[in-house]
Amino acid sequence: AVCLGLLGLVLYTGLAEDLLANYSIVFITEKFEFNCRIFQSATEDTWNMSRKYCREKGGDLVMIKSKKKQVSTVLNEMRLNGWIGLSDESEEGKWTWVDTTKVNTTFWGKGQPDNPVEVDEDCAVFHFKDNDPLSTWHDHECSSKHLAICEKSCVCV
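Numbered per mature numbering (1 follows the signal peptide of the UniProt record, and there is no 0), the sequence shown spans residues -16 to -1, 1 to 141.
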């Protein structure tokens, strides 16, 4: 509540334009389950550089380990698109989160992951879908460039 109040104050006082022009966009979840804030980088980069960006900001690429988080207001209503903390770079076909846990629940888009013969797609991207929020993950080459979707523990409760 305190975090949302401060965000409202920033928006009301007109500071939002200055903040958004110079910094990444920040979204704060209202869900107790997540107890974190989700933010997105302002520029596109590779998966590794995007992860580095998130870590430099005190977080990491977002991990979506539940249906509730997959369909959350932050990820879908804010229409986010970008890298998530999921890859099979260590072992082909074994998708793991950045915290090294194995994937139990997945939300791959139709035909994903597809990993064409001539392309090695080892990193996951969240592509917002208005009509189907449960199938938004796509595998891409880790060297392709996308925005980063980061999450960071929130000190506000």
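Where is the CB? At the ideal position from N, CA and C, for every residue including glycine.
Cα-Cα separation, residue i to residue j
i: T80; j: C134; result: 16 Å
i: P97; j: Q54; result: 17 Å
i: V103; j: E125; result: 7 Å
i: D83; j: N115; result: 30 Å
i: T27; j: K136; result: 18 Å
i: M62; j: K52; result: 15 Å
i: K94; j: L118; result: 10 Å
i: V109; j: D44; result: 14 Å
i: T85; j: K49; result: 10 Å
i: C107; j: E73; result: 7 Å
i: T13; j: N99; result: Unreliable positioning characterises T13 in this predicted model, as indicated by a pLDDT of 35, which lies under 50. The coordinate reading is nonetheless provided below. Cα to Cα, T13 sits roughly 33 Å from N99.
i: R35; j: N88; result: 22 Å
i: T57; j: E40; result: 25 Å
Residue i, enclosing beta strand (DSSP E) - first and last residue
i: R39; result: R39 -> not in any beta strand (DSSP E); alpha helix (DSSP H) instead, spanning W31 to E40.
i: residue 165; result: Nothing about residue 165 can be read from this structure; the chain reaches only from -16 to 141.
i: G93; result: No beta strand (DSSP E) contains G93, which DSSP labels as neither H nor E.
i: G43; result: Note, G43: premise wrong, no beta strand (DSSP E); not H, not E.
Selection from the options that minimises the alpha carbon distance to residue i
i: T30; options: E76, S71, G42 and D114; result: S71
i: D123; options: K78, L59 and R63; result: K78
i: E76; options: V101, K41, R63 and H111; result: V101
i: W67; options: H111, R39 and L118; result: H111
i: N65; options: G43, Q24 and N88; result: Q24
i: S128; options: N32, I22, R21 and C20; result: N32
i: H130; options: G69, T90, E73 and N99; result: G69
i: M47; options: I22, K41, N60 and K36; result: I22
Span of the alpha helix (DSSP H), counted from its first residue to its last, around residue i
i: Q54; result: K51 to Q54
Bridge-paired residues (DSSP) for residue i
i: W79; result: Answer is none; W79 lacks a bridge partner.
i: I133; result: Q24
i: L123; result: In the sequence as displayed, the identity of residue 123 is Asp instead of Leu. D123 is bridged to A108.
i: G66; result: F110
Cβ-based burial, residue i [other Cβ within 10 Å; buried from 16]
i: E105; result: buried
i: T120; result: buried
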